[in-house]
Amino acid sequence: MKLGCIADDFTGATDLAGLLRRSGASVKLHFGLPTKPSDTLTDIEIVALKCRTESVEKAVEDCSLAAHWLIAGGAAQVYWKYCSTFDSTDTGNIGPVAEAIMAITRQDQVLYCPAFPENGRSVFMGHLFVGNQLLNESSMKDHPLTPMADANLARILAPQVKAPVGIWSRIAQKNRSAFPQETHIIGDAVELLDLEFLAKNTPSSVLLTGGSALAMPLPGILGIASTEKSADPRVQDRAVILSGSCSHMTQQQVDLYRQKHPSYQIKPETIDSEEVDACISWMKSLPSTAVPLIYATASPDSVKASQAALGVAKAGEMIEDAMAGIASAAHQLGTRRFVVAGGETSGAVTQALGINEVIIGREICPGVPWVFSAASGDSVALALKSGNFGTPNFFSDALTILEKA
Ligand code: ADP
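Everything in the sequence shown is counted per my numbering, starting at 156 for the first residue and increasing by one.
Set out below in structure tokens:
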């Protein structure tokens, strides 16, 4: 194994895995800290954690264990992956985890670049744009757990870290100015070529961190890209769509899918074990060919009202627990295809299904591949979608792509 990656949520990890798989390198994705030794035959191993909104102490502890595990498995380079919208708070984990990994890998600076040009995320003068909007003017301002109120990444990072933060601007890159001296450096990138420039020209003494796209050139640089690709497993059994994301794009995806397919809404204020049972009974009553949508997806006003009534963490937890219970029941019913919207939601569902390890299949859209649990004979197919990824028809597209496999 040559490249080891740590991702702060499950959809982010599948996003990274899908983009790295494009290189033809073999990729294995572990959900949670692996308990077995590393697979030395695999080119790239990714450890997906659910630590984006954990306490700093817990996130640093988990990511440090993952870094040690990857290095023990032969990783020549460790990559720290977080969201392309830099989801974090003043007491967030991106900076502290980077500092901890830097100490473990004995590097002395960190480069941060969440840009993902294919999905409209770009960084210019240290400011993050989503499409043509500054991050804090995009729908990320209303995120239920990590609302983003600033687009200046240096300003977001500064309170999280112990040493100074600088910017490696696109202009400085074009002028081939000296690599910045600060310990923490935000790298500009607005197109793929910029990411390739960053990946190639960042000194090896600097820890690379960012969204999934910055990692894309690494298999080529490390000499593990390949032209051979194996076929995806065939999984055709019952399917379900579970959506706990309240992101703008997910709202459109839910609205469109609901128009032509059976759907069931759950709400933080009313969800309890009886409501979960009612939802499961409803699922059982449907023909096995139906692909139901179960969703908590709601507008920003509705999310705010639920959070005011229950508290932010509690509202999220109640939905995640319910989705986990519904996913387990669906699995018992024979469901083997799960389309899940939302990073935290995907973490809850994957854990409930007891899936620890997956191989990576074909991409549905940039950043969302189908992944398959390695369990032979009874493979589960999962499409784990980050909130704002995909087009409005994503749910139907995902199922169509799998049927064609
Ligand atoms: P995304 O990928 O869009 O960020 P996540 O699943 O990571 O989605 O985060 C969404 C969070 O919002 C989850 O914790 C989820 O349980 C919570 N949530 C879902 N629906 C609601 C709702 N109606 N009100 C409040 N919180 C909600």
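Beta carbons: idealized from backbone N, C-alpha and C, even for Gly. Every value quoted in this text rests on a predicted model; they were computed, and no experiment measured them.
Measure the alpha-carbon distance for residue i versus residue j and round it to whole angstroms.
i    : j    : result
D163 : Q336 : 27 Å
Q462 : D305 : 22 Å
I161 : E499 : 16 Å
S385 : K205 : 29 Å
T338 : G173 : 30 Å
S483 : D198 : 32 Å
S239 : K439 : 38 Å
L369 : D427 : 42 Å
H223 : S360 : 18 Å
A128 : L300 : The displayed coordinates of the chain run from 156 to 560. Any statement about residue 128 would go beyond what the structure contains.
P455 : F527 : 33 Å
L377 : R207 : 28 Å
Q391 : M404 : 27 Å
L363 : V233 : 8 Å
L554 : V494 : 8 Å
P314 : F271 : 24 Å
E558 : K415 : 19 Å
S457 : K540 : 22 Å
N548 : G281 : 33 Å
I340 : V446 : 46 Å
V395 : S293 : 30 Å
V265 : L397 : 36 Å
Y450 : G187 : 25 Å
Q262 : W235 : 13 Å
K459 : K296 : 12 Å
I311 : M303 : 9 Å
I259 : Y419 : 46 Å
I435 : G167 : 28 Å
I226 : P192 : 11 Å
Q406 : R331 : 43 Å
F165 : L537 : 11 Å
A230 : L196 : 12 Å
Q328 : A255 : 27 Å
F334 : V320 : 13 Å
G228 : A485 : 36 Å
G509 : V535 : 11 Å
V252 : V211 : 8 Å
Does the Cβ of residue i have 16 or more other Cβ atoms within 10 Å, making it buried, or fewer, making it exposed?
i    : result
G489 : exposed
P269 : buried
T546 : exposed
M473 : buried
D432 : exposed
S478 : Just to set this straight, residue 478 is Met in the shown sequence, not Ser. Label assigned to M478: buried.
N543 : buried
P442 : exposed
T452 : buried
S243 : buried
N287 : exposed
E383 : exposed
N356 : exposed
I326 : exposed
D387 : buried
G466 : exposed
G366 : buried
Q408 : buried
L308 : buried
S402 : buried
P111 : For the chain, the structure presents residues 156 to 560; residue 111 sits outside this window and is missing.
E130 : Because the chain in this structure spans residues 156 to 560, residue 130 falls outside the shown range and cannot be described.
A470 : buried
Quick one: what's got a C-beta closer than 7 Å to residue i's C-beta in the same chain, skipping five residues either side?
i    : result
P524 : T169, A172, G173, R176, I515, G516, R517, E518
A464 : E424
L289 : H282, A306
Y400 : Note that residue 400 is Ser in the sequence shown here, rather than Tyr. Counting only Cβ-Cβ distances below 7 Å, and skipping sequence neighbours, we find T452, A496, G497, T500, G542.
A221 : I161, L188, V202, L204
Spatial neighbours of residue i within its chain, please: CB distance less than 6 Å, with the 5 preceding and 5 following residues excluded, ordered by chain position.
i    : result
I379 : K157, A180, D198
V182 : A172, L175, R176, I199, I515
Y412 : L448, F550
Y237 : D163, I249
L350 : A344, A368, L369
D245 : P314
P521 : E273, N274
R393 : S443, G489, T490
Tell me whether residue i, by its Cβ, gets closer than 6 Å to a heavy atom of the ligand FAD.
i    : result
P423 : Absent from the structure shown: the ligand FAD. Ligands present: the ligand ADP.
**Q.** Touch test, the region 203-218 against the region 262-277, Cβ-Cβ under 8 Å, three pairs minimum
**A.** no
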